[in-house]
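The structure appears right after this line, and notes come after that.
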Amino acid sequence: MTLKLKRTPGLYLVGFMGCGKSTIGRILADQLGWPFYDIDADIETQEGTPIAQIFDERGEAAFRDLETKMIHKRVKQVQIGIPGVIVLGGGAFVQPRNFELLENNGVTVWLDCPLEIVRRRLGDDATRPLARNPELLAQLYEDRRPLYSRADFRIEIADEEVPAIVNRILDLPIF
Ligand code: S3P
Numbered sequence: 008m009t010l011k012l013k014r015t016p017g018l019y020l021v022g023f024m025g026c027g028k029s030t031i032g033r034i035l036a037d038q039l040g041w042p043f044y045d046i047d048a049d050i051e052t053q054e055g056t057p058i059a060q061i062f063d064e065r066g067e068a069a070f071r072d073l074e075t076k077m078i079h080k081r082v083k084q085v086q087i088g089i090p091g092v093i094v095l096g097g098g099a100f101v102q103p104r105n106f107e108l109l110e111n112n113g114v115t116v117w118l119d120c121p122l123e124i125v126r127r128r129l130g131d132d133a134t135r136p137l138a139r140n141p142e143l144l145a146q147l148y149e150d151r152r153p154l155y156s157r158a159d160f161r162i163e164i165a166d167e168e169v170p171a172i173v174n175r176i177l178d179l180p181i182f
């Protein structure tokens, strides 16, 4: 595993919406002294449009294409040896094409967070189109768990402080 990360220095954080991927990823990158990339934020910057608007105006399939292209862009950097902590939107890792790409280009870490915490954190957040309907959210949560579980590592998230979670990632046998 050490060799794997050394050869392909990409660390990808995956998991459901509201698990704290971006917050955790930013601090992790800072601790490692590595660049930090957030695929959703990169798409919004590139398109000059919020994700919710992309979903509403162009549809989910168009968003998924943008997402895969942005992941490719970041993976290319990893392939030439530039390290990075790369945070993926909640639906990215469950797309087979993205999963295959990441499988071969670094280490994936699933931040596994209970649905109650997800619901509490998301509240009435309208910026996440797939969180608007509570029943759909619960269904997506269940449907995606087996797909997230294909990540190289799983970190269980409870109600704990972000630095403690970051330390648990740093303790993984990959550095
Ligand atoms: C999505 C999660 C969002 C964002 C988009 C779709 C999903 O990212 O990519 O709204 O399919 O779960 P976060 O996981 O950062 O909320």
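Per the working numbering, the sequence shown starts with residue 8, numbered consecutively.
Ideal placement from N, C-alpha and C gives every residue a C-beta, glycine not left out.
Since we're looking at a predicted model, the values are computed, not measured.
Please list, in chain order, all residues of the same chain as Ile124 whose beta carbon is under 6 Å from its beta carbon, the five residues on each side excluded.
-> none
Which residues mark the beginning and the end of the beta strand (DSSP E) in which Asp45 is found?
-> Phe43 to Asp45
Those residues which DSSP pairs with Glu163 across a bridge = Asp119
Which residues bound the beta strand (DSSP E) around Ile93?
-> Residues Gly91 to Val94.
Bridge partner(s) assigned by DSSP for Gly17 | DSSP lists Gly91 as partners of Gly17.
Just to confirm, does Asp47 get its C-beta within under 7 Å of one of the non-hydrogen atoms of the ligand S3P?
-> yes
Start-to-end residues for the alpha helix (DSSP H) that takes in Asn174 = Val169 to Leu177
Cα-Cα separation between Ala133 and Pro141, rounded to whole angstroms = Between the alpha carbons of Ala133 and Pro141 lies a gap of roughly 12 Å.
In angstroms, rounded to a whole number, what distance separates the CA positions of Met8 and Pro180?
-> Because Met8 sits at a pLDDT of 46, beneath the cut-off of 50, its placement in the model cannot be relied upon, and the following sentence gives the value as read from the coordinates. Here the alpha carbon of Met8 sits roughly 7 Å from the alpha carbon of Pro180.
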